[in-house]
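A.B. asks:
There are 2 protein chains.
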Amino acid sequence: MNYPDGIKKRENNIIFYQNRGMNLEKELNESNEYYREEKKAYIYKKPTPIKLVKVDYHKNLITEGYFEKPSTTDYNGIYKGKYIDFEAKETKSKTSFPLSNIHPHQIEHIRNIIHEGGISFLIVRFTTLGQTYLLRGEDFISFIDQNTRKSIPYRYFEQKGFILKDTYRPRIDYLKIIDQIMEGIK
Amino acid sequence: MNYPDGIKKRENNIIFYQNRGMNLEKELNESNEYYREEKKAYIYKKPTPIKLVKVDYHKNLITEGYFEKPSTTDYNGIYKGKYIDFEAKETKSKTSFPLSNIHPHQIEHIRNIIHEGGISFLIVRFTTLGQTYLLRGEDFISFIDQNTRKSIPYRYFEQKGFILKDTYRPRIDYLKIIDQIMEGIK
Chain A
1 MNYPDGIKKR ENNIIFYQNR GMNLEKELNE SNEYYREEKK AYIYKKPTPI
51 KLVKVDYHKN LITEGYFEKP STTDYNGIYK GKYIDFEAKE TKSKTSFPLS
101 NIHPHQIEHI RNIIHEGGIS FLIVRFTTLG QTYLLRGEDF ISFIDQNTRK
151 SIPYRYFEQK GFILKDTYRP RIDYLKIIDQ IMEGIK
Chain B
1001 MNYPDGIKKR ENNIIFYQNR GMNLEKELNE SNEYYREEKK AYIYKKPTPI
1051 KLVKVDYHKN LITEGYFEKP STTDYNGIYK GKYIDFEAKE TKSKTSFPLS
1101 NIHPHQIEHI RNIIHEGGIS FLIVRFTTLG QTYLLRGEDF ISFIDQNTRK
1151 SIPYRYFEQK GFILKDTYRP RIDYLKIIDQ IMEGIK
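Residue numbers (the working numbering), protein chains in the order written: chain A, 1 to 186; chain B, 1001 to 1186.
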């Protein structure tokens, strides 16, 4: 298939450029591919927005373009009829997740999705600690609204987050956690 | 805001390259912006996937990239808690909508979204006739499954589709039609 190759190629580039997140994003893309193959969920990583400056339309060739900051989250789609929307980040920090990883537009987007009744969350991997957590958008927003600090302590993920273990297929079975959360919503 | 400018710039380029769809896509982006401002729905056009070949990461500059065919639809998001997913196309034809406008991957995607319980549709503008229709994904798929022809006759849009009139704000109030469709689902 043309598209996934394109995606992986692009992502590797962008992640190298961002110099973080490669493993987590690759694992999530593989997991989403698995979910699609199983007809369980249709969740995709959005292409990174690129501002085109010079394009040769006859050759379908871009000769000057720049990466743009996304104003929404990286992943969205549908699972069990519900709108799913999340952002995935890695941090080397052992003690906290720096909020500089999430742009203000993205925080606003997460608020909007929750308000509209969607299922919104973060997946954060603490690479040095080798731990990956799913944090519900509601818990992320309430931390931001109740704190002035520039980072979310690791403790907060231990208290409020859900641990995501690496498995074989899917690599990260985050929908198992979403099932629990959806149960809680009912 | 940085992002919408970026989007418009990119879209204008891509649409010029595709040589169709500019007006409809601009009107839909304006409508989605209006819906967001009104906190009514959060629906975005996905960035067009671009395969990166040469990137100067220090300058954040792409010097060689190619447009890729999307394997999903152009627009998705959330409205009244429901997952919304659609594709928008323009055709100059007066008699039919050529199916060559929709890639096989996209048809498969539309099937998947319907199966998963999402709200999927096409917005097709017949530019010469000055008519824009919303066609439910279910009606699009059933035509494809029951016909071998390479295009959907205009008559089918008259019979099964919903006319979208241009208004001031939003430019195209397609969510009014979605309300009717959601009523029908209940």
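The C-beta atom is built at its ideal place from N, Cα and C for all residues, glycine as well. Predicted model, so just to flag it, every value in this text is computed and none were measured.
Quick one, which residues of the stretch 1107 to 1122 of chain B are near chain A if we go by CB-CB under 9 Å, in chain order?
C.D. replies: Residues His1109, Asn1112, Ile1113, His1115, Glu1116, Gly1117 and Gly1118.
A.B. asks: Would you mind telling me which residues of chain A sit closer than 8 Å to Phe1067(B), beta carbon to beta carbon, in chain order?
C.D. replies: Position 67 of the second sequence, counted from the first residue, corresponds to residue 1067(B). Chain A residues near Phe1067(B): Asn60 and Ile62.
A.B. asks: Under 7 Å Cβ-Cβ, which residues of chain A neighbour Lys1046(B)?
C.D. replies: Along the second sequence, one-based indexing puts residue 1046(B) at 46. Simply Lys46 and Pro47.
A.B. asks: What separation, rounded to the nearest whole angstrom, lies between the Cα atoms of Lys26(A) and Glu1158(B)?
C.D. replies: Against the first sequence, residue 26(A) aligns to sequence position 26. Against the second sequence, residue 1158(B) aligns to sequence position 158. Lys26(A) and Glu1158(B): Cα-Cα distance of roughly 45 Å.
A.B. asks: Based on the DSSP output, what are the partners of Asn76(A) in its beta bridges?
C.D. replies: Here residue 76(A) is taken as the residue at index 76 of the first sequence, counted from 1. Asn76(A) pairs with Tyr44(A) and Asp85(A).
A.B. asks: Cα separation between Lys69(A) and His105(A)?
C.D. replies: For the purposes of this step, residue 69(A) is taken as the residue at position 69 of the first sequence. For the purposes of this step, residue 105(A) is taken as the residue at position 105 of the first sequence. About 9 Å.
A.B. asks: Give me the Cα-Cα distance between Leu1135(B) and Pro1049(B), rounded to the nearest whole angstrom.
C.D. replies: Indexing the second sequence from 1 puts residue 1135(B) at position 135. Indexing the second sequence from 1 puts residue 1049(B) at position 49. Rounded to whole angstroms, Leu1135(B) to Pro1049(B) spans 25 Å at the Cα level.
A.B. asks: What are the residues of the stretch 72 to 91 of chain A that lie near chain B, defined by any Cβ-Cβ distance shorter than 9 Å?
C.D. replies: For the stretch 72 to 91 of chain A, which is checked against every Cβ of chain B, the residues closer than 9 Å are Thr72, Asn76, Gly77, Ile78, Tyr79, Lys80, Gly81, Lys82, Tyr83, Ile84 and Asp85.
A.B. asks: Could you have a look at Pro1170(B) and say whether DSSP puts it in helix, strand or coil?
C.D. replies: As a position in the second sequence, residue 1170(B) is number 170, starting the count at 1. Of the three classes helix, strand and coil, the one that applies to Pro1170(B) here is coil, per DSSP.
A.B. asks: With a 10 Å radius around its C-beta and 16 neighbouring C-beta atoms as the bar for buried, classify Gly21(A) as buried or exposed.
C.D. replies: As a working mapping, residue 21(A) is identified with position 21 in the first sequence. Per-residue confidence for Gly21(A) stands at a pLDDT of 43, beneath the threshold of 50, marking its modelled position as unreliable; no derived number is given.
A.B. asks: Going along chain A, which residues have a C-beta under 9 Å from Tyr1156(B)?
C.D. replies: Within the second sequence, residue 1156(B) is the residue found at index 156, counting from 1. Those do not exist, as Tyr1156(B) stays about 26 Å from chain A at its closest Cβ, beyond 9 Å.
A.B. asks: Going along the chain, which residues of the stretch 20 to 42 of chain A sit with their C-beta nearer than 8 Å to a C-beta in chain B?
C.D. replies: Listed by position along the chain: Arg36, Lys39, Ala41 and Tyr42.
A.B. asks: From Tyr1042(B) to Asp1074(B), what distance separates their C-alpha atoms?
C.D. replies: The residue you call residue 1042(B) lines up with position 42 of the second sequence. The residue you call residue 1074(B) lines up with position 74 of the second sequence. Rounded to whole angstroms, Tyr1042(B) to Asp1074(B) spans 14 Å at the Cα level.
A.B. asks: In the DSSP assignment, the alpha helix (DSSP H) including Lys1160(B) goes from what residue to what residue?
C.D. replies: Against the second sequence, residue 1160(B) aligns to sequence position 160. Where Lys1160(B) is concerned, the enclosing alpha helix (DSSP H) stretches over Tyr1154 to Lys1160.
A.B. asks: So what does Phe97(A) bridge to, in DSSP terms?
C.D. replies: Counting from 1 along the first sequence, the entry for residue 97(A) is found at position 97. Phe97(A) pairs with Ile152(A).
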